[in-house]
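Quick note on this note's numbering: the sequence shown kicks off at 26 and runs consecutively.
Positions of the beta carbon are idealized from the N, C-alpha and C atoms, including for glycine.
Here is the structure we will look at, set down as structure tokens.
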Amino acid sequence: MPFEKASDLLSRYGISVAKSRLTKTEVECTRFTEQTGYPVVLKLISSQVIHKTDVGGILTGLTSEKEVGEGFRGLQTLARKLGVSVEGILAQEMLSGFEMIVGGKIDEQFGGVVLVGFGGIYTEVYGDVSLRIAPIGLKEAEEMTKELKAYRILTGFRGRRANLKELAAAIVSASKIVTNEEIKEMDINPLFVDEKKAVAADVRIMV
């Protein structure tokens, strides 16, 4: 599913999405980032590139029109080197908070399944995720977060605290998407969660 359509789907189910625009030209990209304010992030959007970070397809912390322009051209060059077709270059506000993964898929045995986990090394190395059969309610979503090995970090153990109610609401919404929509798999990665809100910075949906 194209990125913009996937983002619209999240919004319809009440999941906040980062301010962003899929741009086709450098002028369009720099104009949007000037309006949004710095710092910003640029991402290479292609159905042929699943893990953008692995190929250098994400540029973060850009703080000027010059940096954005150079970044836009650099990502276009990267796409040509990779030999992939591109939907565009996504210009996006830069978010902060805990990086979480929320997603779901259709399992042959259980049907719709929803998951939550920590982003980055926690998922890749430690497999720190929790699963439920969809759909679920808020209580079950809150239980899922408590099952995570690194749950204490979300409660202010390291100084920062996550809005667990907003995180749980996003998990519930994801479970509804998996249940109600004709999709095979969905990954919201990352979902940034801070003390006030939970906001999706990237989403991939397979239909």
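For this session: Look at the alpha carbon of L216 and the alpha carbon of A225, and state the distance between them as a whole number of angstroms.
Result: 4 Å
For this session: State whether the region 33-44 contacts the region 116-125, with contact taken as three or more CB pairs (one from each stretch) at a distance under 8 Å.
Result: yes
For this session: Could you check how far apart the C-beta atoms of I158 and G136 are, in whole angstroms? I think they sit under 8 Å.
Result: 7 Å
Exercise. Which value, in whole angstroms, describes the spacing of the CA atoms of R183 and V65?
Worked result: 26 Å
Exercise. Contact between the region 66-78 and the region 100-108: three or more CB pairs below 8 Å?
Worked result: yes
Problem set entry | Integer-rounded CB distance, given that G39 should sit under 8 Å from S200 | That pair is no contact at about 12 Å.
Problem set entry | First and last residue of the uninterrupted alpha helix (DSSP H) at I178 | 176-179
Exercise. Counting Cβ pairs, one atom from each stretch, are 3 or more of them under 8 Å apart for the region 81-90 and the region 184-198?
Worked result: no
For this session: My understanding is that L189 touches E167, with C-beta atoms under 8 Å, so please give their C-beta distance in whole angstroms.
Result: 7 Å
Exercise. Cα separation between V52 and G113?
Worked result: 13 Å
Exercise. Anyone know if the C-beta pair for E206 and L34 falls short of 8 Å?
Worked result: yes
For this session: Between the Cα of G99 and those of G82, P160, G62, V109, spot the shortest distance and give me the residue it belongs to.
Result: G82
Exercise. Would DSSP call T48 helix, strand or coil?
Worked result: strand
For this session: Using alpha carbons as the reference points, say which of K49, K221, P160 lies closest to S110.
Result: K49
Exercise. What are the boundary residues of the beta strand (DSSP E) that R157 is part of?
Worked result: 154-158
Exercise. Helix, strand or coil: how does DSSP classify G113 here?
Worked result: strand
Exercise. In three-state terms, what does DSSP make of E87?
Worked result: Glu is not the amino acid found at residue 87; the sequence shown has Leu there. Three-state DSSP puts L87 in a strand.
For this session: Look up K130 in the DSSP assignment and give the residues it is bridged to.
Result: V138, E210
Exercise. Roughly how many angstroms separate the alpha carbons of A193 and N214, rounded to a whole number?
Worked result: 15 Å
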